[in-house]
Structures are given as C-alpha cells and as structure tokens.
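*Asks:* Numbering (our numbering), first residue to last: -11 to 44.
1) Using the beta-carbon count (16 or more within 10 Å), is residue 8 buried or exposed?
2) Go through its chain and collect everything with a Cβ distance to residue 6's Cβ below 7 Å, but skip five positions before and after it.
3) With a threshold of 8 Å, establish whether the CB of residue 6 neighbours any heavy atom of the ligand FAD.
4) What does the Cβ neighbour count give for residue 47, buried or exposed, with the cut at 16 atoms within 10 Å?
5) Using only the alpha-carbon positions, how far apart do residue -10 and residue -3 sit?
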C-alpha cells in the first residue's frame, strides 16, 4: 500500500502528522529547556502535535 493511499485514512494521516511533529519538536523542546529559554513556537508545535493525537 503506497504512502499516499495511507493519507486518505484520517486516523493514519493524523497519526503520521503527529509523529512527524513530535519527531521535529522533541529535540527542539529539549534544546530550549536546557538553554533555559521559553520558546512560544516550540510550545505551539507541541500543542499542535497533541491536538493531532487527540483528533485521531
């Protein structure tokens, strides 16, 4: 089954989107946390990933 066919299923599409967002955001959040900074963009991306997981 090709990847594009998987994206037509909303559960799989949202799951893949949430996985990609978390894969991007987790290193950024650990980096900003270790630097002592509070990044609004990182918080927004984490919230978007959580909303994708919730919408599944």
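Just so you know, even glycine gets a beta-carbon here, dropped at the ideal spot from N, CA and C.
*Replies:* Judging by the given coordinates:
1) exposed
2) 37, 40, 41
3) The ligand FAD is absent from the structure shown, which contains no ligands of any kind.
4) For the chain, the structure presents residues -11 to 44; residue 47 sits outside this window and is missing.
5) 12 Å
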